[in-house]
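Student: Pasting in a structure now, in C-alpha coordinates, and then I'll have a few things to ask.
Numbering (the numbering used here), first residue to last: 41 to 88.
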(Lines of atoms letter the chains of each structure in order from A and count residues from 1; the text may use other names and numbers.)
(Lines give C-alpha, C1' and ligand atoms only; values in the text may rest on other atoms or scores of the structure.)
Protein backbone atom coordinates (compact mmCIF):
# COMPACT_ATOMS: atom_id res chain seq x y z
CA UNK A 1 0.00 0.00 0.00
CA UNK A 2 1.43 3.35 -1.04
CA UNK A 3 0.91 6.47 1.02
CA UNK A 4 1.47 9.87 -0.50
CA UNK A 5 2.03 12.64 2.03
CA UNK A 6 1.12 16.09 0.76
CA UNK A 7 2.16 19.10 2.81
CA UNK A 8 -0.48 21.84 2.87
CA UNK A 9 0.55 25.47 2.77
CA UNK A 10 -0.45 25.87 6.41
CA UNK A 11 1.60 22.82 7.43
CA UNK A 12 4.66 24.23 5.67
CA UNK A 13 4.12 27.56 7.41
CA UNK A 14 3.81 25.81 10.78
CA UNK A 15 7.06 23.93 10.11
CA UNK A 16 8.73 27.27 9.37
CA UNK A 17 7.31 28.68 12.60
CA UNK A 18 8.65 25.70 14.56
CA UNK A 19 12.06 26.18 12.97
CA UNK A 20 12.13 29.91 13.70
CA UNK A 21 11.04 29.35 17.30
CA UNK A 22 13.78 26.84 18.07
CA UNK A 23 16.33 28.85 16.09
CA UNK A 24 15.65 31.89 18.27
CA UNK A 25 15.22 30.06 21.60
CA UNK A 26 17.93 27.40 21.26
CA UNK A 27 20.16 27.24 18.18
CA UNK A 28 20.30 26.51 14.47
CA UNK A 29 21.45 22.98 15.26
CA UNK A 30 18.41 22.33 17.47
CA UNK A 31 16.02 23.89 14.93
CA UNK A 32 17.51 21.76 12.14
CA UNK A 33 17.29 18.60 14.22
CA UNK A 34 13.65 19.10 15.20
CA UNK A 35 12.33 20.13 11.80
CA UNK A 36 14.37 17.46 10.00
CA UNK A 37 12.93 14.88 12.38
CA UNK A 38 9.39 15.98 11.53
CA UNK A 39 10.08 15.76 7.80
CA UNK A 40 11.82 12.39 8.20
CA UNK A 41 8.76 10.97 9.98
CA UNK A 42 6.53 11.93 7.05
CA UNK A 43 8.98 10.30 4.65
CA UNK A 44 8.80 7.13 6.75
CA UNK A 45 5.01 7.15 6.29
CA UNK A 46 5.49 7.12 2.52
CA UNK A 47 8.00 4.25 2.66
CA UNK A 48 6.02 1.91 4.90
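Glycine included, each C-beta is placed from N, C-alpha and C at the ideal position. Bear in mind the structure is a predicted one, so any value in this text is a computation, not a measurement.
Would you mind giving the Cβ-Cβ distance between residue 61 and residue 70, rounded to the nearest angstrom? I have them listed as a contact below 8 angstroms.
Tutor: Taking the chain shown and counting its residues from 1, the one referred to as residue 61 is at position 21. Taking the chain shown and counting its residues from 1, the one referred to as residue 70 is at position 30. So it is not a contact: roughly 10 angstroms between Cβ atoms.
Student: Near residue 79, what residues of its chain come up, given a Cβ to Cβ distance below 8 angstroms and the 5 sequence neighbours on each side ignored?
Tutor: In the chain shown, residue 79 corresponds to position 39, counting from 1. Counting only Cβ-Cβ distances below 8 angstroms, and skipping sequence neighbours, we find 55.
Student: Could you compute how far the alpha carbon of residue 47 sits from the alpha carbon of residue 68?
Tutor: Numbered from its first residue, the chain shown carries residue 47 at position 7. Numbered from its first residue, the chain shown carries residue 68 at position 28. Computed Cα separation, rounded: 23 angstroms.
Student: Measure the beta-carbon distance from residue 75 to residue 59 and round it to whole angstroms, keeping in mind my assumption that it falls under 8 angstroms.
Tutor: Here the question's residue 75 lines up with position 35 in the chain shown. Here the question's residue 59 lines up with position 19 in the chain shown. Going by Cβ atoms, the distance from residue 75 to residue 59 rounds to 5 angstroms, so yes, they are a contact pair.
Student: With H, G and I counted as helix, E and B as strand and the rest as coil, what does DSSP make of residue 88?
Tutor: As a working mapping, residue 88 is identified with position 48 in the chain shown. The answer is coil: DSSP assigns residue 88 none of H, G, I, E or B.
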